[in-house]
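Below is one structure; the comments refer to it alone.
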Amino acid sequence: MSATCAGARRRHDDTPDTAADFERLAAMSEGPEREALAEKLVEAWLPMAHRLARRYRNRGENLEDLEQVAALGLVKAVDRYDPHRGGAFQPYAIPTIVGELKRHFRDCAWDVHVPRRVQELRNKVRATIRELATAEGADRSPTVAQVAEAAGMSEEDVLTGMEAIDSFRSLSLDAELAGADDGYSLADTLGRPEARYETVIARESVKPCLHRLPEREQRILYLRFFRDMTQAGIAEELGISQMHVSRLISRSCHKIRKQVEAEPQRENVPVPV
1 MSATCAGARR RHDDTPDTAA DFERLAAMSE GPEREALAEK LVEAWLPMAH RLARRYRNRG
61 ENLEDLEQVA ALGLVKAVDR YDPHRGGAFQ PYAIPTIVGE LKRHFRDCAW DVHVPRRVQE
121 LRNKVRATIR ELATAEGADR SPTVAQVAEA AGMSEEDVLT GMEAIDSFRS LSLDAELAGA
181 DDGYSLADTL GRPEARYETV IARESVKPCL HRLPEREQRI LYLRFFRDMT QAGIAEELGI
241 SQMHVSRLIS RSCHKIRKQV EAEPQRENVP VPV
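In full-length UniProt numbering, the protein residues as written are 1 to 273.
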């Protein structure tokens, strides 16, 4: 073999010769000694796992997180590799580690999770758009029809894939809007609940119940809750005892609450009485 061919097939510096260690590992029973040897093998091949993880950097994920995912794939490869089936460890480990990285992007890296089929459409559409955009003579983004024809997809699937492209990363509510002044953010465009809506609903709920009360009880509730009079003041104005006023207020409020709660369409409406 020529020197050039030998150089072309030269292994990476991060692919150590651990064949003897794997033979020992396969012959060992479960226990601390086997765990220690497996850990040693993982450490030896960790640089290769990190190299594979670096292939996926600049895709929106932190490199340290990707290296941890690759390390997890390496641990699985070391645990499952059987040297007696033939074949070196490296060609066995690489698909295992890369598969773990791809699963991470598929299952964990999306801010808005979408079905696997839609993720596959997104990947296919994105790759086709890149190919068409870099084609010789291309001076603008390809149309949906062009992408569909080049990828062998329906236009509907192309549109679904294009929508999914924007689902990988979400926009923070604190992000400033393009062209906005004074830090105007997306959160500033959202509506807020009106604090007095519940009060209006509660008043409308109790209104018919109030009208069904005896006139004296209606007057007592009006003086207490709308004129903000004390029970002593109401008792003096009506010529009855304060204790009687207290009992009438409690009885009237209890009666109104029961009537409101008994109406199905008014369930869970707060009653400010």
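For every residue, glycine included, the Cβ atom is placed at its ideal position computed from N, Cα and C. It should be emphasised that the depicted structure is a prediction, and the values quoted were computed from it without experimental measurement.
At a Cβ-Cβ threshold of 8 Å, Leu-101 and Leu-66 count as neighbours. Less than 8 Å divides the Cβ of Asp-21 from the Cβ of Leu-37. Excluding its 5 nearest sequence neighbours in each direction, Leu-46 has C-beta neighbours in its own chain below 7 Å: Ala-71 and Leu-74, listed in chain order. With a cutoff of 8 Å on beta-carbon distance, Ala-151 and Val-118 are scored as not near each other. Beta-bridge pairing by DSSP links Ser-185 to Glu-176. For the UniProt domain "RNA polymerase sigma-70 region 2" (41–108), the continuous alpha helix (DSSP H) assignments of 4+ residues that do not extend past its boundaries occur at 63–80 and 89–107, in sequence order. Annotated as distal: Val-200 and Ile-256, with beta-carbon spacing of 8 Å or more. Judged by beta-carbon spacing, Ile-249 lies within the 8 Å limit of Leu-221, meaning their Cβ atoms are closer than that value. Annotated three-state conformation of Phe-226 is coil, per DSSP.
One alpha carbon belongs to Pro-83, the other to Thr-96, and they sit about 16 Å apart. Contact check for Leu-223 against Ser-252 fails: the beta carbons are separated by 8 Å or more.
Around the beta-carbon of Phe-226, fewer than 16 other beta-carbon atoms lie within 10 Å, marking it exposed. Put simply, of Pro-115, Val-69 and Val-42 the residue whose alpha carbon is nearest the alpha carbon of Arg-55 is Val-69.
Selection Ser-29, Met-229, Gln-231 and Pro-208 evaluated against Gln-259 yields Pro-208 as nearest (Cα-Cα).
Here the C-alpha atom of Ser-241 lies approximately 59 Å from the C-alpha atom of Leu-186. The shortest CA-to-CA distance from Ala-27 to any of Asp-79, Ala-53 and Glu-43 is the one to Asp-79.
Taking a C-beta distance under 8 Å as the contact criterion, Thr-128 and Val-98 do not qualify as a contact pair.
Note on Arg-122: 16 or more other CB atoms within 10 angstroms of its CB, so buried under the neighbour-count rule.
Within the same chain, and ignoring the five residues on either side of Ala-164 in sequence, the residues whose Cβ sits closer than 7 Å to its Cβ are Val-114, Val-118, Gln-119, Leu-121 and Arg-122. Here the alpha carbons of Ser-29 and Ala-77 stand approximately 18 Å from one another. The three-state reading of DSSP puts Met-153 in coil, since its state is none of H, G, I, E or B. Given a length threshold of 4 residues, each whole run of the alpha helix (DSSP H) inside the segment 188–261 is given here in chain order: 197–211, 215–225 and 231–238.
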